[in-house]
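J.: Take this structure, written in structure tokens, and hold onto it; I'll ask about it next.
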Amino acid sequence: MIFCFTATGNSLYAARQLGEEPISIAQELRKTDRHYQADTIGIVVPLYEFDLPRPVAQFIAESTFDTDYFYIVSTYGMHNGGIAERVSARLEAAGRHVDYYNTVIMADNALQVFDMAEQIALDPEKRIDEQLAAVRADIEAQRHYIQPALQEEVDFYEGYMKHPFALRPDNDNPLYYVSDDCIGCGTCSRVCPMQCIRIVDKRPVYDYDICADCYACIQACPQKAIHFVNFDEPNPNVRYRNPHVTLADLVKANGQS
Ligand SMILES: Cc1cc2nc3c(=O)[nH]c(=O)nc-3n(C[C@H](O)[C@H](O)[C@H](O)COP(=O)(O)O)c2cc1C
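When you read off a place in the sequence shown, starting at 1, and then add 10, the result is the number in our numbering.
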């Protein structure tokens with residue numbers, strides 16, 4: 011049993027390569043009673059600000075997992091900040107034993123910082139399928155392993171925490187504006203894992219109080235009509251979706267179940 015949270019498909023692709031078609035965390039979060047039982051249970055999710063995305067942390071904290079082998083894989087783009095050791099220790103302290111935690115470097119979809127064209131070009135260097143094959147072999151062998159935090163990554167994390175770049179929008183501090191290029195197609199609302207976008211008069215209206223700032227909407231907009239209020243993107247002309255994942259896959263993973 012594999013659970014996945016995804017905005018642009020990296021974690022969905024990774025989960026599929028690790029085993030089976032994953033169960034959507036976004037959709038499971040809409041259910042009240044969450045108890046899962048399987049020989050092996052995995053969580054494959056992106057890394058946000060060196061940590062689990064907030065909805066994923068909530069999903070783990072508020073669900074029960076009855077399993078012999080519990081693993082987490084975080085996909086990330088540049089620096090993992092030593093997440094495996096730190097988050098495993100935090101989960102252990104909260105009573106959730108993690109047997110295996112590893113990270114896989116993929117394209118970085120943080121488009122307020124990175125040019126998506128450059129990220130797409132970097133993909134082959136990252137040897138993603140080799141990383142995923144190694145993780146898959148570990149999981150099949152039920153290896154017990156928590157990826158050690160490199161000192162360089164700990165330094166990076168600690169440096170970041172002194173000046174965190176958290177966006178944390180709410181309804182008084184919107185994250186995005188929508189340009190006149192919007193055609194009201196509703197793609198943004200269909201890919202949103204938190205279902206925080208309604209289409210009103212052919213325009214997206216956000217409920218930022220439940221937004222996970224995952225950028226699924228901005229990345230999937232076919233008109234590139236969604237932009238950050240407070241940042242100029244390095245390249246507003248290119249958006250990212252994992253090359254093995256279709257828009258329909260993202261809608262299936264994040265939309266109405
Ligand atoms: C809000 C946000 C924060 C992120 N923070 C980090 C980070 O701290 N370090 C990093 O290497 N990548 C970071 N990323 C990049 C993602 O972890 C990476 O691109 C991931 O593979 C995306 O997975 P997805 O396609 O399944 O959504 C961040 C992305 C977003 C949207």
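Glycine included, C-beta positions come from ideal geometry on N, C-alpha and C. Only a predicted model underlies this, so the values are computations on that prediction, with no experimental measurement involved.
1. Determine which residues share a DSSP beta bridge with Asn247 and list them.
2. Looking at ligand 1, does it come within less than 7 Å of Asp118, judged from the CB to the closest heavy atom?
3. Using DSSP's beta-bridge definition, name the partner residues of His254.
4. For ligand 1, is there any heavy atom lying closer than 7 Å to the beta carbon of Glu95?
5. Please state whether the Cβ-Cβ distance between Ala36 and Ala230 is less than 8 Å.
6. Below 6 Å CB to CB, which residues in the same chain sit around Lys136 once its five sequence neighbours on both sides are set aside?
7. If we ignore side chains and look at the alpha-carbon of each, how far apart do Ala25 and Phe13 end up?
8. Considering just the uninterrupted stretch of the alpha helix (DSSP H) at Thr74, what are its terminal residues?
9. Shorter than 7 Å, the distance from the beta carbon of Ser21 to the closest heavy atom of ligand 1, or not?
10. Could you give the DSSP three-state label for Asn90: helix, strand or coil?
11. Is Tyr186 near ligand 1, in the sense that its beta carbon is under 7 Å from a heavy atom of that ligand?
12. Hey, would you say the C-beta of Pro253 is under 7 Å away from at least one heavy atom of ligand 1?
T.: The structure says:
1. On the sequence shown, residue 247 is found 237 positions in, with the first residue counted as 1. Asn247 has no beta-bridge partner at all, per DSSP.
2. Counting from 1 along the sequence shown, the entry for residue 118 is found at position 108. Asp118: yes, Cβ under 7 Å from ligand 1.
3. The residue you call residue 254 lines up with position 244 of the sequence shown. Paired residues: none, contrary to the question.
4. In the sequence shown, residue 95 corresponds to position 85, counting from 1. Result no, Cβ not under 7 Å from ligand 1.
5. The residue labelled residue 36 in the question sits at position 26 within the sequence shown. The residue labelled residue 230 in the question sits at position 220 within the sequence shown. No. Outside cutoff.
6. The residue you call residue 136 lines up with position 126 of the sequence shown. Excluding sequence neighbours, Lys136 sits near Ile115.
7. Numbered from 1 along the sequence shown, position 15 holds the residue referred to as residue 25. Numbered from 1 along the sequence shown, position 3 holds the residue referred to as residue 13. So the two alpha carbons sit approximately 8 Å from each other.
8. In the sequence shown, the residue the question calls residue 74 occupies position 64. Not the alpha helix (DSSP H): Thr74 falls in the beta strand (DSSP E), residues Thr74 to Asp76.
9. Start at 1 with the first residue of the sequence shown, and residue 21 comes out as number 11. At least one heavy atom of ligand 1 is nearer than 7 Å to the Cβ of Ser21, so yes.
10. Here the question's residue 90 lines up with position 80 in the sequence shown. Residue state, collapsed to three classes: coil.
11. Translated into positions along the sequence shown, residue 186 becomes position 176. False, no ligand heavy atom lies under 7 Å from that Cβ.
12. If you number the sequence shown from 1, residue 253 lands on position 243. Pro253: no, Cβ never under 7 Å from ligand 1.
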